[in-house]
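Residue numbers (my numbering): 152 to 337.
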């Protein structure tokens, strides 16, 4: 009887344990920096946040990651199949890849770091049959899942000499956590 009690206690303990997964969000935006009267420069950038919805003050305190110029994130930045000239909320994304090696952020500094708490080489989102996304590492190991919001948050944030327009593109669940180095102190 005691053995059965311990077995039952063990089984209940095992079934009640769950791996704690973190949620994070991915926003994509365009920043227009006014460098001279009538002249603007626009870049498409990715931001990873540990929450949603955002405010404009959140946007200014995180490192932005530029898009790859040749749609290849194997050496840095991010790449996407289905990202087009349309509004971000209308993109038909089939693959979204983020470079995530140890030198992903600040690679030209003495203290580079990956986008997430674990350097996985890459974090790639692949659209699945049900419209969600599987998150995979560089060796195709499963990292988590993501989904596109039905009604994405869009922000239009003005700063002293620039304006950034951000759109919530993905909400993800994974054991990956955005690296604390992404946040810029006030």
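Beta carbons are placed, not taken as given, at the ideal position from N, Cα and C, and that holds for glycine.
Just curious, the alpha helix (DSSP H) that residue i is in, first and last residue?
i           : result
residue 209 : 207–210
Give the C-beta separation of residue i and residue j to the nearest angstrom, bearing in mind that I take them to be a contact with Cβ-Cβ under 8 Å.
i           : j           : result
residue 201 : residue 329 : 5 Å
residue 258 : residue 334 : About 18 Å; that fails the 8 Å criterion.
residue 317 : residue 178 : 5 Å
residue 285 : residue 296 : 6 Å
residue 315 : residue 174 : Going by Cβ atoms, the distance from residue 315 to residue 174 rounds to 23 Å, so no, they are not a contact pair.
residue 236 : residue 250 : Going by Cβ atoms, the distance from residue 236 to residue 250 rounds to 23 Å, so no, they are not a contact pair.
residue 232 : residue 246 : 4 Å
Measure from the alpha carbon of residue i to the alpha carbon of each residue in the options, then state which is nearest.
i           : options            : result
residue 196 : 230, 174, 295, 209 : 230
residue 280 : 244, 267, 251      : 244
residue 304 : 182, 198, 177, 204 : 204
residue 268 : 319, 180, 332, 296 : 332
residue 324 : 248, 227, 298, 209 : 298
residue 218 : 252, 248, 210      : 248
Can you tell me whether residue i is buried or exposed? The criterion is at least 16 other CB atoms within 10 Å of its CB, across all chains shown.
i           : result
residue 352 : Beyond the ends of the chain as shown, which are 152 and 337, falls residue 352; an answer cannot be given.
residue 282 : exposed
residue 290 : exposed
residue 207 : exposed
Specify, as a first and last residue, the run of the beta strand (DSSP E) that residue i falls within.
i           : result
residue 309 : 305–309
residue 136 : The first residue shown for the chain is 152 and the last is 337, placing residue 136 beyond what the model contains.
residue 294 : 293–298
residue 334 : Where residue 334 is concerned, there is no enclosing beta strand (DSSP E), given that its DSSP letter is neither H nor E.
residue 229 : 229–232
residue 276 : 272–278
residue 285 : 284–287
Which same chain residues end up closer than 6 Å to residue i when comparing Cβ atoms and leaving out the 5 residues on each side of it in sequence?
i           : result
residue 234 : 242
residue 190 : With a pLDDT of only 46 at residue 190, under the threshold of 50, the placement of this residue in the model should not be trusted; the figure read from the coordinates follows. Nothing meets the Cβ criterion.
residue 320 : 177, 179
residue 198 : 178, 213, 215
residue 240 : 303, 318
residue 227 : 250
residue 209 : none
Grab me the residues of residue i's own chain with a C-beta within less than 7 Å of its C-beta, minus the 5 sequence neighbours each way, in chain order.
i           : result
residue 287 : 275, 277, 293, 294
residue 188 : Low local confidence applies: a pLDDT of 47 at residue 188 is under 50, so the model's placement there is unreliable, with the coordinate-based value given in what follows. Counting only Cβ-Cβ distances below 7 Å, and skipping sequence neighbours, we find nothing.
residue 238 : none
residue 300 : 319, 322
residue 252 : 265, 270, 272
Apart from the five residues on each side of it in sequence, which residues of its chain come closer than 8 Å, Cβ to Cβ, to residue i?
i           : result
residue 256 : 214, 216, 263, 264, 265, 266, 330, 332, 333
residue 225 : 250, 273
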